[in-house]
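S.K.: Protein sequence lines correspond, in order, to chains G and Y. Residues in the first sequence are numbered consecutively from 1, following UniProt numbering. Residues in the second sequence are numbered consecutively from 1, following UniProt numbering. The C-beta atom is built at its ideal place from N, Cα and C for all residues, glycine as well. My structure is below; once you've seen it, I'll send some questions.
There are 2 protein chains.
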Amino acid sequence: MSYTAPVKDMLFAIEHLAGIEQVAQLPGFEDAGLDTAAAVLEECARFNEGVVAPLNVPGDQNPSSWKDGVVTTTPGFKEAFAQFAEGGWQGLQHPQDFGGQGLPKTIGAACVEMLNSANLSFALCPLLTDGAIEALLTAGSEELKRTYLEKLISGQWTGTMNLTEPQAGSDLALVRTRADRQDDGTYKIFGTKIFITYGEHDMAENIVHLVLARVAGAPEGVKGISLFVVPKFLVNADGSLGARNDAHCVSIEHKLGIKASPTAVLQFGDHGGAVGWLVGEENRGLEYMFIMMNAARYAVGVQGIAVAERAYQHAVQYARERVQSRPVDGSIKASAAIIHHPDVRRMLMTMRSLTEGCRAMAAVAAAAYDASHHHADEQVRKDNATFYEFMVPLVKGFSTEMSLEVTSLGVQVHGGMGFIEETGAAQYYRDARILPIYEGTTAIQANDLVGRKTGRDGGATARAIAAQIEKTEGELHASGSEAARAMGERLAAARTAFVEVVDFVVSQMKADPNAVFAGSVPYLMLAGNLVAGWQMARALLVAEKLSATAQDAAFMQAKVATARFYAEHILVRAPALRDEIVHGGASTMQMALEAF
Amino acid sequence: MSYTAPVKDMLFAIEHLAGIEQVAQLPGFEDAGLDTAAAVLEECARFNEGVVAPLNVPGDQNPSSWKDGVVTTTPGFKEAFAQFAEGGWQGLQHPQDFGGQGLPKTIGAACVEMLNSANLSFALCPLLTDGAIEALLTAGSEELKRTYLEKLISGQWTGTMNLTEPQAGSDLALVRTRADRQDDGTYKIFGTKIFITYGEHDMAENIVHLVLARVAGAPEGVKGISLFVVPKFLVNADGSLGARNDAHCVSIEHKLGIKASPTAVLQFGDHGGAVGWLVGEENRGLEYMFIMMNAARYAVGVQGIAVAERAYQHAVQYARERVQSRPVDGSIKASAAIIHHPDVRRMLMTMRSLTEGCRAMAAVAAAAYDASHHHADEQVRKDNATFYEFMVPLVKGFSTEMSLEVTSLGVQVHGGMGFIEETGAAQYYRDARILPIYEGTTAIQANDLVGRKTGRDGGATARAIAAQIEKTEGELHASGSEAARAMGERLAAARTAFVEVVDFVVSQMKADPNAVFAGSVPYLMLAGNLVAGWQMARALLVAEKLSATAQDAAFMQAKVATARFYAEHILVRAPALRDEIVHGGASTMQMALEAF
Numbered sequence: 001m002s003y004t005a006p007v008k009d010m011l012f013a014i015e016h017l018a019g020i021e022q023v024a025q026l027p028g029f030e031d032a033g034l035d036t037a038a039a040v041l042e043e044c045a046r047f048n049e050g051v052v053a054p055l056n057v058p059g060d061q062n063p064s065s066w067k068d069g070v071v072t073t074t075p076g077f078k079e080a081f082a083q084f085a086e087g088g089w090q091g092l093q094h095p096q097d098f099g100g101q102g103l104p105k106t107i108g109a110a111c112v113e114m115l116n117s118a119n120l121s122f123a124l125c126p127l128l129t130d131g132a133i134e135a136l137l138t139a140g141s142e143e144l145k146r147t148y149l150e151k152l153i154s155g156q157w158t159g160t161m162n163l164t165e166p167q168a169g170s171d172l173a174l175v176r177t178r179a180d181r182q183d184d185g186t187y188k189i190f191g192t193k194i195f196i197t198y199g200e201h202d203m204a205e206n207i208v209h210l211v212l213a214r215v216a217g218a219p220e221g222v223k224g225i226s227l228f229v230v231p232k233f234l235v236n237a238d239g240s241l242g243a244r245n246d247a248h249c250v251s252i253e254h255k256l257g258i259k260a261s262p263t264a265v266l267q268f269g270d271h272g273g274a275v276g277w278l279v280g281e282e283n284r285g286l287e288y289m290f291i292m293m294n295a296a297r298y299a300v301g302v303q304g305i306a307v308a309e310r311a312y313q314h315a316v317q318y319a320r321e322r323v324q325s326r327p328v329d330g331s332i333k334a335s336a337a338i339i340h341h342p343d344v345r346r347m348l349m350t351m352r353s354l355t356e357g358c359r360a361m362a363a364v365a366a367a368a369y370d371a372s373h374h375h376a377d378e379q380v381r382k383d384n385a386t387f388y389e390f391m392v393p394l395v396k397g398f399s400t401e402m403s404l405e406v407t408s409l410g411v412q413v414h415g416g417m418g419f420i421e422e423t424g425a426a427q428y429y430r431d432a433r434i435l436p437i438y439e440g441t442t443a444i445q446a447n448d449l450v451g452r453k454t455g456r457d458g459g460a461t462a463r464a465i466a467a468q469i470e471k472t473e474g475e476l477h478a479s480g481s482e483a484a485r486a487m488g489e490r491l492a493a494a495r496t497a498f499v500e501v502v503d504f505v506v507s508q509m510k511a512d513p514n515a516v517f518a519g520s521v522p523y524l525m526l527a528g529n530l531v532a533g534w535q536m537a538r539a540l541l542v543a544e545k546l547s548a549t550a551q552d553a554a555f556m557q558a559k560v561a562t563a564r565f566y567a568e569h570i571l572v573r574a575p576a577l578r579d580e581i582v583h584g585g586a587s588t589m590q591m592a593l594e595a596f
Numbered sequence: 001m002s003y004t005a006p007v008k009d010m011l012f013a014i015e016h017l018a019g020i021e022q023v024a025q026l027p028g029f030e031d032a033g034l035d036t037a038a039a040v041l042e043e044c045a046r047f048n049e050g051v052v053a054p055l056n057v058p059g060d061q062n063p064s065s066w067k068d069g070v071v072t073t074t075p076g077f078k079e080a081f082a083q084f085a086e087g088g089w090q091g092l093q094h095p096q097d098f099g100g101q102g103l104p105k106t107i108g109a110a111c112v113e114m115l116n117s118a119n120l121s122f123a124l125c126p127l128l129t130d131g132a133i134e135a136l137l138t139a140g141s142e143e144l145k146r147t148y149l150e151k152l153i154s155g156q157w158t159g160t161m162n163l164t165e166p167q168a169g170s171d172l173a174l175v176r177t178r179a180d181r182q183d184d185g186t187y188k189i190f191g192t193k194i195f196i197t198y199g200e201h202d203m204a205e206n207i208v209h210l211v212l213a214r215v216a217g218a219p220e221g222v223k224g225i226s227l228f229v230v231p232k233f234l235v236n237a238d239g240s241l242g243a244r245n246d247a248h249c250v251s252i253e254h255k256l257g258i259k260a261s262p263t264a265v266l267q268f269g270d271h272g273g274a275v276g277w278l279v280g281e282e283n284r285g286l287e288y289m290f291i292m293m294n295a296a297r298y299a300v301g302v303q304g305i306a307v308a309e310r311a312y313q314h315a316v317q318y319a320r321e322r323v324q325s326r327p328v329d330g331s332i333k334a335s336a337a338i339i340h341h342p343d344v345r346r347m348l349m350t351m352r353s354l355t356e357g358c359r360a361m362a363a364v365a366a367a368a369y370d371a372s373h374h375h376a377d378e379q380v381r382k383d384n385a386t387f388y389e390f391m392v393p394l395v396k397g398f399s400t401e402m403s404l405e406v407t408s409l410g411v412q413v414h415g416g417m418g419f420i421e422e423t424g425a426a427q428y429y430r431d432a433r434i435l436p437i438y439e440g441t442t443a444i445q446a447n448d449l450v451g452r453k454t455g456r457d458g459g460a461t462a463r464a465i466a467a468q469i470e471k472t473e474g475e476l477h478a479s480g481s482e483a484a485r486a487m488g489e490r491l492a493a494a495r496t497a498f499v500e501v502v503d504f505v506v507s508q509m510k511a512d513p514n515a516v517f518a519g520s521v522p523y524l525m526l527a528g529n530l531v532a533g534w535q536m537a538r539a540l541l542v543a544e545k546l547s548a549t550a551q552d553a554a555f556m557q558a559k560v561a562t563a564r565f566y567a568e569h570i571l572v573r574a575p576a577l578r579d580e581i582v583h584g585g586a587s588t589m590q591m592a593l594e595a596f
């Protein structure tokens with residue numbers, strides 16, 4: 001199935017919801033207005049549609065393979081990655097000082113979506129490299145930056161994040177990899193890391209591993225973790241490659257999905273110790289890791305949107321072609337394409353509205369990120385940072401959970417053919433299943449939302465968002481159209497439910513932490529549903545206005561219909577989540593452990 | 001992962017919800033009381049735990065394979081099937097006249113669940129054979145019965161259902177397979193059938209295909225379809241096998257799941273015509289097919305329960321063993337098994353309560369089936385048949401849809417390990433995905449529920465069920481315990497929502513069929529959720545009473561806790577479905593077709 005990037009919808013979100021013209025007023029982004037966005041997205045669409053998307057099925061059928069420590073990627077991946085690097089796509093959002101293009105996240109996020117729609121497995125390599133770049137930019141010494149950044153940003157080398165160990169997944173306090181200080185200021189690294197995405201491959205000359213480890217004598221738990229750069233090949237002073245480092249891929253995993261992306265077990269130090277360089281200061285590794293992690297979490301949320309979009313396109317195409325049964329309303333007197341059947345429409349509209357809602361939410365979060373880094377006014381930066389931080393678990397958690405629903409519906413639309421691998425719908429279902437797990441499971445995102453993002457400020461950020469939503473409800477009321485009225489009603493009910501949950505979380509956090517955390521994932525699902533719905537409400541208002549005048553009336557009418565569907569089919573789920581959270585804590589924890 | 005049949009919970013449902021002692025008062029079932037049920041279930045558990053379950057992972061890793069028309073099943077399958085036949089398991093629910101054991105469905109359904117929990121792929125062969133047996137029992141001539149039934153019931157031969165063709169899936173009006181009448185009373189069959197489960201294999205001497213086809217001159221559409229028996233090997237007068245029939249397996253599918261179950265493309269008549277024998281009368285094939293289909297639909301619903309149970313057990317075991325992070329309530333001052341974490345508990349309880357709720361619903365439906373066939377009083381038979389017919393789309397549709405949720409949560413509980421195939425959790429996720437598709441997609445079940453089961457009698461059956469539920473609410477109110485109160489409140493809200501939807505369906509069916517059918521799947525999900533919840537409410541009442549006196553107080557307390565969880569986390573979803581159905585029809589159909 002070919003992929004067509006939804007450039008029009010992306011630009012709608014970038015222009016009308018994220019407000020690209022305000023982003024273009026930020027210092028450093030003067031050239032990043034709507035025209036730039038349109039030009040970049042068009043070029044990005046061409047590249048991904050033409051070069052990367054055709055490798056998606058081959059990657060699934062002929063995954064990365066391992067032999068004697070060497071990983072060979074799917075034929076075509078290496079060449080496509082060379083084109084990716086050549087096109088400057090790795091550096092899109094990175095500083096011009098190191099060869100990047102310095103574009104805002106508001107534009108970059110749409111490009112990340114396209115790359116992931118085209119090929120989730122392929123896109124993971126740049127995604128992890130982005131994380132490594134962020135960490136080095138934030139905490140790396142000048143020497144580390146000089147040695148690595150240009151080559152990472154150009155796509156000549158790639159990066160990885162080495163967190164997980166067999167006994168330490170969500171719980172990084174259990175990390176055991178050891179770093180021994182050497183006299184020359186370097187460290188020798190010893191340990192085993194698992195689940196290392198693109199931990200070994202043949203697409204780049206060098207791989208720059210960012211590795212969490214403990215220095216001898218460090219405090220126990222997460223406060224004793226440091227971050228190291230451990231390159232696959234040591235780098236000479238002139239930038240050329242030196243000796244092979246003692247970091248070896250001993251196997252790759254046999255996975256449910258994203259099969260083309262090699263998931264490596266890396267062994268550090270089996271032959272005397274891998275040479276590592278400290279990033280920043282000792283014992284501050286977790287802090288730096290969260291920088292990589294936060295960038296990666298947002299990006300994984302975008303992966304959810306991306307795979308949902310691809311699954312939607314695949315399902316629409318099938319629904320247009322597959323002829324089966326007469327329409328129930330008698331409008332066609334013969335067997336018709338299944339897209340005429342109400343239940344198929346319900347499935348497609350669910351897929352579409354969830355995808356567009358999450359895309360809009362991610363775009364708005366990206367604009368806040370840009371303002372949080374570039375705005376001249378400190379308070380504005382801070383406010384935007386607070387908003388963005390609140391959005392990260394929603395973008396990651398809600399968009400990835402919704403991608404499970406959307407890719408499952410994608411299979412269902414295909415009927416029996418959906419279960420046949422050659423059809424292609426099943427690949428999205430399999431690929432998507434990792435998204436609510438890696439870079440922090442949905443529960444980890446939800447704990448973050450409950451603890452750091454809601455509990456810590458007593459619910460202030462959450463209530464501020466609710467107040468903004470209430471303003472949108474006022475605008476919907478003022479519009480008065482049937483669609484706006486329907487949206488306003490559902491948005492108000494969902495927002496009310498959200499505020500009740502925030503009150504519950506804040507008031508019960510200390511008194512009954514089990515009940516609060518039993519409701520954490522439902523809270524995340526409620527918040528994500530609401531915020532995405534809020535953006536659909538804003539989209540509806542814009543589209544109603546523009547549908548009267550725009551050249552593109554059909555697009556605007558479709559946006560209104562999609563937003564209204566979101567209100568009446570997705571936002572309506574919110575009150576049930578409230579009930580589950582506020583009243584369901586006790587029954588979650590009630591049954592005796594032995595009875596399971 | 002080993003499998004332990006939930007015999008205790010099955011017997012609880014059989015005794016207290018399905019009412020096995022009433023079933024044992026039906027003519028023909030005098031020996032089928034609780035003791036028999038317990039003895040059969042214990043024996044069945046032993047067989048499935050010991051023989052069938054260990055083949056589940058091997059079947060996935062080393063699936064059925066095709067070469068030159070011959071299908072070789074996974075090593076061990078043939079031997080296990082011989083033991084299955086030897087044990088008399090195929091004949092459990094079939095008439096003693098033909099060598100069966102004539103046990104009620106109330107007992108048989110639990111055995112079907114065990115077999116499917118043990119191995120979904122393996123269990124499909126007997127499942128399809130059951131359908132063939134039902135069709136022959138109902139409509140086969142004496143000669144056909146004499147020729148085939150004993151050997152099918154003994155497990156010496158197996159059966160298949162040949163409905164689907166490339167252009168005819170849900171829409172059987174499009175069937176093109178041709179049957180040419182011969183002078184000797186047989187027919188020559190020509191055509192291609194796809195998605196034929198166990199259409200070819202090496203586990204039995206002969207395969208008895210039941211095939212839908214059109215006789216020359218038959219009316220168009222579904223009224224011109226006839227049903228034929230087309231054996232793989234012709235059967236001599238003495239019952240021995242004769243010539244190979246012209247029905248050949250030209251390929252098997254490469255599927256997302258249930259990989260050990262060969263899904264065949266069968267070519268009939270490429271070498272002169274396959275010999276077929278008419279079942280019943282010409283042009284009544286669809287009617288007979290529905291007999292097979294209804295048995296199979298119920299059984300597929302049980303497959304959903306079965307795979308959910310297996311996924312639950314797998315997840316519980318992992319959650320007990322995997323140590324990660326400290327409990328949020330401070331109850332343990334070190335990293336603890338993840339089963340201590342509220343969100344893991346929420347996932348496990350969701351899995352458990354959905355599984356138990358659907359098991360209870362299926363058990364009650366089975367008892368109605370038994371009464372509908374065996375009760376002495378015609379009106380009682382009729383009432384039970386009506387109830388059972390209403391239940392079939394719920395058992396099939398809701399239990400299979402819930403199995404997607406449960407198996408997905410099963411992966412999630414495992415975190416990153418869930419995505420690694422060797423862990424085994426992913427297999428359930430893949431296997432389950434076919435269940436809401438085959439034997440009629442969820443939409444097909446929902447159309448049946450809306451049209452034949454609700455619209456046709458003006459909602460009478462649905463409202464009668466609602467009235468029964470209201471009685472249970474009264475009993476919950478009378479009980480007065482906190483759990484009963486919570487359940488009563490949620491049950492009443494869900495029942496009210498259900499009745500509103502029934503009113504909507506009945507009143508709008510002609511005026512706005514698109515809106516009604518746009519809400520058909522949500523209606524099915526609401527009805528299934530409610531009826532399963534109703535059974536959990538009944539279970540709660542029984543368990544509360546027994547927990548004071550029973551030896552097995554721990555089991556009874558767990559049942560109360562699970563029922564309450566169901567009320568507060570699953571039943572609460574009902575009002576949102578009502579909103580979606582009653583208010584969401586217009587927005588489902590609003591967007592222009594070109595805009596997709």
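(1) Check whether the region 564-576 of chain G and the region 60-77 of chain Y touch, using three or more Cβ-Cβ pairs below 8 Å as the test.
(2) Under 6 Å Cβ to Cβ from L265 of chain Y, same chain only, skipping five residues before and after it: list those, please.
(3) Kindly provide the ranges of any alpha helix (DSSP H) runs that are 4 or more residues long and lie completely inside the region 477-504 of chain Y, ordered along the chain.
(4) Give me the subset of the region 494-520 of chain Y whose CB atoms are less than 7 Å from a CB atom of chain G, sorted by chain position.
(5) Using a threshold of 8 Å, state whether the C-beta atoms of L163 of chain G and M351 of chain G are closer than that.
(6) Any idea which residues DSSP pairs W534 of chain Y with across the strands?
(7) Can you give me the C-alpha to C-alpha distance between L354 of chain G and A515 of chain G, rounded to a whole angstrom?
(8) Have a look at G:L256, G:L541, G:A204 and flag the residue whose alpha-carbon is nearest the alpha-carbon of G418 of chain Y.
(9) Is K255 of chain G close to chain Y, meaning its C-beta is less than 8 Å from at least one C-beta of that chain?
(10) Nearest-angstrom Cα distance between F29 of chain Y and D35 of chain Y?
(11) What does the Cβ neighbour count give for E165 of chain Y, buried or exposed, with the cut at 16 atoms within 10 Å?
(12) Are there 16 or more other CB atoms within 10 angstroms of the CB of E580 of chain Y, so buried, or fewer, so exposed?
(13) If you run the structure through DSSP and keep just helix, strand and coil, what is K510 of chain Y?
(14) Taking the alpha-carbon positions, what's the E544 of chain Y to K453 of chain G distance?
(15) What separation, rounded to the nearest whole angstrom, lies between the Cα atoms of F84 of chain G and G108 of chain G?
(16) Along the chain, where does the beta strand (DSSP E) containing I133 of chain G start, and where does it finish?
(17) State the beta-bridge partners of H209 of chain Y as determined by DSSP.
M.R.: Quick look at the numbers:
(1) no
(2) In the second sequence, the residue the question calls residue 265 of chain Y occupies position 265. Contrary to the premise, residue 265 of chain Y reads as Val rather than Leu in this sequence. Once the five neighbours on either side are set aside, the close Cβ partners of V265 of chain Y are I194, V250, S251.
(3) none
(4) P513, N514, F517, A518, S520
(5) Indexing the first sequence from 1 puts residue 163 of chain G at position 163. Indexing the first sequence from 1 puts residue 351 of chain G at position 351. Not in contact: L163 of chain G and M351 of chain G (Cβ atoms no closer than 8 Å).
(6) By 1-based counting over the second sequence, the position of residue 534 of chain Y is 534. Its beta-bridge partners do not exist; DSSP assigns none.
(7) Counting from 1 along the first sequence, the entry for residue 354 of chain G is found at position 354. Counting from 1 along the first sequence, the entry for residue 515 of chain G is found at position 515. L354 of chain G and A515 of chain G: Cα-Cα distance of roughly 28 Å.
(8) On the second sequence, position 418 is the one that residue 418 of chain Y refers to. The shortest Cα separation from G418 of chain Y among G:L256, G:L541, G:A204 belongs to G:L256.
(9) Position 255 of the first sequence holds residue 255 of chain G. Yes - at least one Cβ of chain Y is within 8 Å of the one on K255 of chain G.
(10) As a first step, residue 29 of chain Y must be located in the second sequence, where it is residue number 29. As a first step, residue 35 of chain Y must be located in the second sequence, where it is residue number 35. When rounded, the distance between both Cα atoms is 13 Å.
(11) To locate residue 165 of chain Y, count along the second sequence from 1; it is residue 165. Flag for E165 of chain Y reads buried.
(12) Indexing the second sequence from 1 puts residue 580 of chain Y at position 580. E580 of chain Y is buried by the Cβ-count criterion.
(13) Counting from one through the second sequence, the residue named residue 510 of chain Y turns up at place 510. Note: K510 of chain Y maps to coil in three-state DSSP.
(14) In the second sequence, the residue the question calls residue 544 of chain Y occupies position 544. In the first sequence, the residue the question calls residue 453 of chain G occupies position 453. Spanning the two alpha carbons is a distance of roughly 41 Å.
(15) Taking the first sequence and counting its residues from 1, one reaches residue 84 of chain G at position 84. Taking the first sequence and counting its residues from 1, one reaches residue 108 of chain G at position 108. Distance between the alpha carbons of F84 of chain G and G108 of chain G: 14 Å.
(16) Here residue 133 of chain G is taken as the residue at index 133 of the first sequence, counted from 1. From DSSP, I133 of chain G is part of no beta strand (DSSP E) but of the alpha helix (DSSP H) over 120-139.
(17) In the second sequence, residue 209 of chain Y corresponds to position 209, counting from 1. According to DSSP, which records beta bridges pairwise, H209 of chain Y is partnered with Y:T160, Y:V230.
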